[in-house]
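In this note's numbering, the protein residues as written are 15 to 115. Presented below is the structure to which this report refers.
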Amino acid sequence: MSMYIRLKRHNTTVFMHCEPADNFATIKAKAGKLMNIEQGQIGLFATRDKARELVDLATIGDQEIDNDQVLYVVKRSGDGYEDVSVTNTDGTTPAEGDVEK
């Protein structure tokens, strides 16, 4: 069953076609090419608060990622990752409690 995910970083949203069997290393490689970031420097998170990191060998199906779900792309910074920073289409920053499907 084909699906789409939305990858968000700053003011960029990428819609990516994928399969439940795709692992996150593959997603990071594709995202890296599109966003001009080295694959090893990318962190993927299912939540804006970075509570749920999506590890390379896990698959979309393993992590129960839904069709059209937003995943957050961050770049490695020192020993961790930069903060999640996304912008709404109207130029505002979403509040921490805002929920995106």
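Using N, Cα and C, we set each Cβ at its ideal position, and we do this for glycine too. Keep in mind it's a predicted model, so treat the numbers as computed, not measured.
Query                                                                  : Result
Beta-carbon proximity of H24 to T73, cut-off 8 Å                       : no
Neighbour-count burial assignment, N81, 16 or more Cβ in a 10 Å radius : exposed
Expected contact under 8 Å - CB spacing of K89 and I41 to nearest Å    : Wrong, their Cβ atoms sit about 15 Å apart, outside the cutoff.
C-beta contact flag for L68 and A60 at 8 Å                             : yes
Three-state class that DSSP yields for L71 in the structure shown      : coil
F38 versus M49: straight-line alpha-carbon distance, rounded           : 16 Å
Paired residues, beta bridge with T61 - DSSP                           : Paired residue(s): none; T61 is not in a bridge.
Closest residue to K22 among L58, S91, M15 and H31 (Cα-Cα distance)    : L58
Residues sharing a beta bridge with I19, DSSP                          : M30 and Q83
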